[in-house]
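Right, one structure below, let's go through it.
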Amino acid sequence: MPTPGSAQERERFLALQLRLEPMFREVYADPLAERTVVVIPGLSLDQDTLAHIAGVSHYEERQLSMLMLLRLPRTRVVYVTSTPVDPVIIDYYLSLLGGVPAGHARRRLTLLSAYDAGPRSLTSKILARPRLQQRIREAIADPATAHLSCFNATADEVTLAVHLGIPLYACDPALAWLGTKSGSRHAFREAGVAMPDGVENLRDLTALHDALAALKRRNPALRSAVVKFDEGFSGEGNAVFDYGDVTAAEVTSEWIASQLSRRLAPEAAALDATRYLAKFAEMGGVAEAWLDGEDKRSPSVQIRISATGALEIISTHDQLLGGHSGQVFLGSTFPADALYRKSLQDAGERIGDVLRRRGVLGRFSIDFITVREGDAWTHYAIEINLRKGGTTLPFQMLQYLTDGRYDPERCEFLTPTGQRRVYRATDNLCRPEYRRLTPDDLVDLIVEHRLHFDPTRQQGAVFNLIGALSEFGKLSLVSIADTHDQADELYRRTVAVIDRAVGIVPTCASGAVDEQ
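Using the working numbering, the letters of the sequence shown correspond one by one to residues 3 to 518.
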């Protein structure tokens, strides 16, 4: 095999990528065609940042929605994880398959594991195990109709694709800079989409001091600024700097340097200002003006650029955020508010077109802050995530379970019979008491209380991150219904069932639970 990162490896990788377009035109357009999807669901991101996320070792389960591909009768799925997934969890997902006997689907599913729970990326664990790579190759029916699917693509995923001899359906890591906070701002500027006043490409603390001082000079009324790691994840790499009542004339680079550690509040609870700044000096990032508004939302647009170059708006969401200053992703509602979802799509499409022209491939999302200004809503682009994310699994589950599609003209999801579907989703249904439950217990509750997704009505609750339940008291939930009110009610009812099972007394009539 060529040396990782070498010109020879790059040449082989680009040759493999040329297979994608004809494969998607000829094979993936035919639901009866034979294909193999190799799923590597690990997060190839900064491990220090990931370490602060409760239950992150189970986030490889977030791509179990890919098992729904087994609805296609000649599709094989090879799913590789750091440690084995509990069979109860696999059974739960296979039970959601409509029109396919579970045994038939299971024969086409290969589950492999590195048996390594250590704190490094799943892909690096696979690359360190040649025999595991060989087992993956043996599970591929025909390399000519196979591809590699991952959470995000780095140089390691390129190396793995070359080792397996199959193309990677994800953004080329050579374009990964467009998914950093700095690269995002370049793309927004090129697309002509509004964004917060800010400074990108900050490579050291001196540059950060200068940027924070410049923001205050440009906007003397500014009271706060947001500092972000270039490669932060789920808002955990963000921090808020408080200018307080200091005037613009007093805010110099020297003043910022003297005040930064005491006035900076990181979002990640495990990071104090000193550790955050040390990490910023290592990773680089951006500084942006804090956007204020009485009615401020955090929507996002999900886009896919296919191997044929077609740009498709997949969905819009309103994100549910929490944390110290409301920047950490907790969940979402789909679709985004009807008051602004069409203009949101339009802004996302303009940015997506910039990325398409630059050669970006696969699924990605664009986050916005949307502020009501009079009778209008103004969208400010915040970041591009050139990867799958927290909105990927719930939308895939909706799509696969209903066999419906998102209509970009109506800005709604429609079932094959034309019925509208919405959902509420969270990755952070978290209570210490939930540790009393095992995956088997959760499945018992699902069956006993009829919380299972109903394929006839095409409504119901779907669970994920089930493996994190006993150890971290954490669970993911998607409640699918006709209307947002019904989805909220199903969500509350489902949470109330779990709460009662662990002895939590409802504090309000709704049975709602705090998402932590």
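Beta carbons are placed, not taken as given, at the ideal position from N, Cα and C, and that holds for glycine.
This structure is a prediction, so every number in the text was calculated from the model and none was measured.
Short Cβ contact (8 Å threshold) for residue i with residue j
i: Glu36; j: Asp144; result: yes
i: Val39; j: Met68; result: yes
i: Ala241; j: Glu284; result: no
i: Ser123; j: Ser226; result: no
i: Gln65; j: Val102; result: no
i: Asp369; j: Asp339; result: no
i: Tyr425; j: Pro457; result: no
i: Arg306; j: Gly361; result: no
i: Asp199; j: Leu217; result: yes
i: Val288; j: Leu204; result: yes
i: Leu453; j: Thr496; result: yes
i: Thr276; j: Ser260; result: no
i: Phe366; j: Arg389; result: yes
i: Ser186; j: Lys127; result: no
i: Leu273; j: Tyr245; result: no
i: Phe26; j: Ser308; result: yes
Three-state secondary structure assigned by DSSP to residue i
i: Trp257; result: helix
i: His188; result: helix
i: Val303; result: strand
i: Lys230; result: strand
i: Val87; result: coil
i: Val1; result: Residue 1 lies beyond the stretch modelled for the chain, which goes from 3 to 518, so this question has no answer here.
i: Gln488; result: helix
i: Thr310; result: coil
i: Phe15; result: helix
i: Gly354; result: helix
i: Ala196; result: coil
i: Tyr61; result: helix
i: Tyr342; result: coil
Selection from the options that minimises the alpha carbon distance to residue i
i: Ser97; options: Glu491, Ala141, Pro132, Leu403; result: Leu403
i: Met70; options: Phe243, Ala157, Glu375, Leu111; result: Leu111
i: Asp50; options: Thr485, Ser302, Phe231; result: Phe231
i: Asp206; options: Thr156, Asn221, Gly286; result: Gly286
i: Tyr117; options: Gln136, Cys173, Phe336, Arg131; result: Arg131
i: Asn466; options: Ile91, Gly376, Asp355, Phe15; result: Ile91
i: Val480; options: Phe455, Phe474, Asp174, Ala9; result: Phe455
i: Arg433; options: Phe474, Arg412, Asp409; result: Phe474
Burial state of residue i, where buried means 16 or more other Cβ atoms lie within 10 Å
i: Arg78; result: buried
i: Pro1; result: This structure cannot speak to residue 1, because the chain is shown only from 3 to 518.
i: Glu290; result: buried
i: Asp247; result: exposed
i: Met399; result: buried
i: Ala178; result: buried
i: Thr428; result: buried
i: Thr125; result: buried
i: Arg219; result: exposed
i: Arg407; result: exposed
i: Ala349; result: buried
i: Arg459; result: exposed
i: Met197; result: buried
i: Gly469; result: buried
i: Pro222; result: exposed
i: Glu238; result: buried
i: Val2; result: In the structure as shown, the chain starts at 3 and stops at 518, and residue 2 therefore has no counterpart that could be examined.
i: Tyr493; result: buried
i: Val507; result: exposed
i: Met3; result: exposed
i: Gln347; result: buried
i: Ala155; result: buried
i: Ala119; result: exposed
i: Val515; result: Reliability of the predicted coordinates at Val515 is poor, the pLDDT of 39 falling under 50, and the value obtained from them is presented with this limitation in mind. Counting Cβ neighbours within 10 Å, Val515 comes out buried, since at least 16 surround it.
i: His60; result: buried
i: Lys298; result: exposed
i: Gly194; result: exposed
Closer than 7 Å: residue i CB and nearest the ligand SAM heavy atom
i: Val464; result: For the structure depicted, the ligand SAM is absent and the ligand set is empty, with no information on it obtainable.
Euclidean distance between Cα positions of residue i and residue j
i: Val271; j: Gly324; result: The sequence as given places Ala at residue 271; Val does not occur at that position. If I take the Cα positions, the gap works out to 12 Å.
i: Leu357; j: Thr393; result: 20 Å
i: Glu256; j: His211; result: 7 Å
i: Glu233; j: Leu279; result: 14 Å
i: Thr485; j: His451; result: 21 Å
i: Cys510; j: Asp158; result: Here the model assigns Cys510 a pLDDT of 47, short of 50, so the residue's position is not dependable, and the following value carries that caveat. So the alpha carbons of these two residues sit roughly 49 Å apart.
i: Val504; j: Glu435; result: 6 Å
i: Leu444; j: Arg21; result: 42 Å
i: Gln518; j: Asp294; result: Low confidence applies here, because Gln518 scores a pLDDT of 34, under 50, leaving its location unreliable; read the following figure in that light. Computed Cα separation, rounded: 24 Å.
i: Val499; j: Ile448; result: 9 Å
i: Gly100; j: Leu74; result: 10 Å
i: Gly7; j: Thr161; result: 8 Å
i: Ile168; j: His381; result: 39 Å
i: Arg437; j: Leu431; result: 12 Å
Residue i at chain B interface by Cβ criterion, 8 Å
i: Gly194; result: Among the chains of the structure shown, chain B does not appear; only one protein chain is present.
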